[in-house]
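Visitor:
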Amino acid sequence: MLTYPNIDPEAFSVGPLTVHWYGVTYLVGFAGGWWLARRRAARPGSGWTPHQVDDLLFYVVLGVILGGRLGYTLFYGSSHLLQDPLSLFRIW
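Everything in the sequence shown is counted per my numbering, starting at 8 for the first residue and increasing by one.
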(Lines of atoms letter the chains of each structure in order from A and count residues from 1; the text may use other names and numbers.)
(Lines give C-alpha, C1' and ligand atoms only; values in the text may rest on other atoms or scores of the structure.)
Protein backbone atom coordinates (compact mmCIF):
# COMPACT_ATOMS: atom_id res chain seq x y z
CA MET A 1 0.00 0.00 0.00
CA LEU A 2 1.23 3.46 -0.86
CA THR A 3 1.77 5.65 2.19
CA TYR A 4 1.01 9.34 2.20
CA PRO A 5 3.70 11.51 3.80
CA ASN A 6 2.56 13.57 6.74
CA ILE A 7 4.29 16.91 6.09
CA ASP A 8 3.71 19.78 8.48
CA PRO A 9 2.25 22.73 6.49
CA GLU A 10 4.15 25.20 8.68
CA ALA A 11 7.75 25.83 7.63
CA PHE A 12 8.60 27.76 10.80
CA SER A 13 7.14 30.11 13.40
CA VAL A 14 8.55 33.27 14.93
CA GLY A 15 6.36 34.37 17.81
CA PRO A 16 2.81 34.84 16.53
CA LEU A 17 3.96 34.79 12.87
CA THR A 18 3.72 31.43 11.10
CA VAL A 19 5.28 30.89 7.67
CA HIS A 20 3.73 28.09 5.60
CA TRP A 21 5.51 26.05 2.95
CA TYR A 22 3.41 27.47 0.13
CA GLY A 23 4.57 30.96 1.14
CA VAL A 24 8.18 29.82 0.97
CA THR A 25 7.61 28.39 -2.52
CA TYR A 26 5.99 31.63 -3.68
CA LEU A 27 9.00 33.56 -2.37
CA VAL A 28 11.47 31.21 -4.07
CA GLY A 29 9.50 31.38 -7.33
CA PHE A 30 9.27 35.17 -7.35
CA ALA A 31 12.94 35.57 -6.40
CA GLY A 32 14.07 33.06 -9.02
CA GLY A 33 11.94 34.64 -11.74
CA TRP A 34 13.15 38.11 -10.80
CA TRP A 35 16.80 37.02 -10.82
CA LEU A 36 16.47 35.28 -14.20
CA ALA A 37 14.53 38.16 -15.76
CA ARG A 38 17.11 40.73 -14.58
CA ARG A 39 19.93 38.64 -16.02
CA ARG A 40 18.17 38.37 -19.36
CA ALA A 41 17.28 42.07 -19.34
CA ALA A 42 20.95 42.95 -18.85
CA ARG A 43 21.84 41.27 -22.14
CA PRO A 44 22.34 43.61 -25.07
CA GLY A 45 19.34 43.87 -27.35
CA SER A 46 16.88 42.31 -24.91
CA GLY A 47 14.47 45.24 -25.12
CA TRP A 48 14.05 45.33 -21.33
CA THR A 49 15.86 47.24 -18.65
CA PRO A 50 16.43 45.87 -15.14
CA HIS A 51 14.24 48.69 -13.80
CA GLN A 52 11.35 47.52 -15.99
CA VAL A 53 11.80 43.99 -14.62
CA ASP A 54 11.58 45.36 -11.07
CA ASP A 55 8.33 47.15 -11.93
CA LEU A 56 6.98 44.01 -13.57
CA LEU A 57 7.75 41.95 -10.46
CA PHE A 58 5.80 44.41 -8.30
CA TYR A 59 2.71 44.11 -10.50
CA VAL A 60 3.02 40.32 -10.77
CA VAL A 61 3.18 39.94 -6.97
CA LEU A 62 0.24 42.33 -6.56
CA GLY A 63 -1.75 40.40 -9.17
CA VAL A 64 -1.02 37.06 -7.52
CA ILE A 65 -2.12 38.33 -4.10
CA LEU A 66 -5.29 40.04 -5.34
CA GLY A 67 -6.14 37.27 -7.80
CA GLY A 68 -5.61 34.61 -5.17
CA ARG A 69 -7.88 36.40 -2.72
CA LEU A 70 -10.55 36.96 -5.36
CA GLY A 71 -10.39 33.35 -6.55
CA TYR A 72 -10.52 31.96 -3.02
CA THR A 73 -13.50 34.14 -2.15
CA LEU A 74 -15.41 33.30 -5.34
CA PHE A 75 -14.79 29.54 -5.22
CA TYR A 76 -14.89 28.82 -1.49
CA GLY A 77 -16.68 31.75 0.12
CA SER A 78 -19.29 32.80 -2.42
CA SER A 79 -22.22 32.34 -0.03
CA HIS A 80 -20.50 34.47 2.60
CA LEU A 81 -19.57 37.02 -0.09
CA LEU A 82 -23.23 37.43 -1.06
CA GLN A 83 -24.18 38.13 2.57
CA ASP A 84 -21.25 40.47 3.22
CA PRO A 85 -19.59 41.86 0.05
CA LEU A 86 -16.95 43.75 2.05
CA SER A 87 -15.56 40.43 3.31
CA LEU A 88 -13.61 40.30 0.04
CA PHE A 89 -11.29 42.96 1.47
CA ARG A 90 -10.87 41.37 4.92
CA ILE A 91 -7.71 39.30 4.91
CA TRP A 92 -7.22 38.83 8.64
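C-beta atoms are modelled at their ideal positions from N, C-alpha and C, and glycine is treated no differently.
Since the model is a prediction, treat every value here as computed from it, not as a measurement.
(1) For alanine 38, name the three-state secondary structure that DSSP assigns.
(2) With H, G and I counted as helix, E and B as strand and the rest as coil, what does DSSP make of serine 86?
(3) Beta-carbon within less than 7 Å of tryptophan 28's beta-carbon, same chain only, minus the 5 sequence neighbours each way: which residues are those?
(4) Where does leucine 24 sit, in a helix, a strand or coil, going by DSSP?
(5) Where does valine 26 land, buried or exposed, given buried means 16+ other C-beta within 10 angstroms?
Guide: Reading it off the structure:
(1) In the structure shown, alanine 38 adopts helical secondary structure according to DSSP, grouped into three states.
(2) Three-state result, serine 86: helix.
(3) Scanning its chain for C-beta atoms nearer than 7 Å, with the 5 sequence neighbours on each side dropped, one finds around tryptophan 28 the residues Pro16 and Ala18, in chain order.
(4) DSSP places leucine 24 in the strand class (E or B) of the three-state scheme.
(5) Valine 26 should be labelled exposed.
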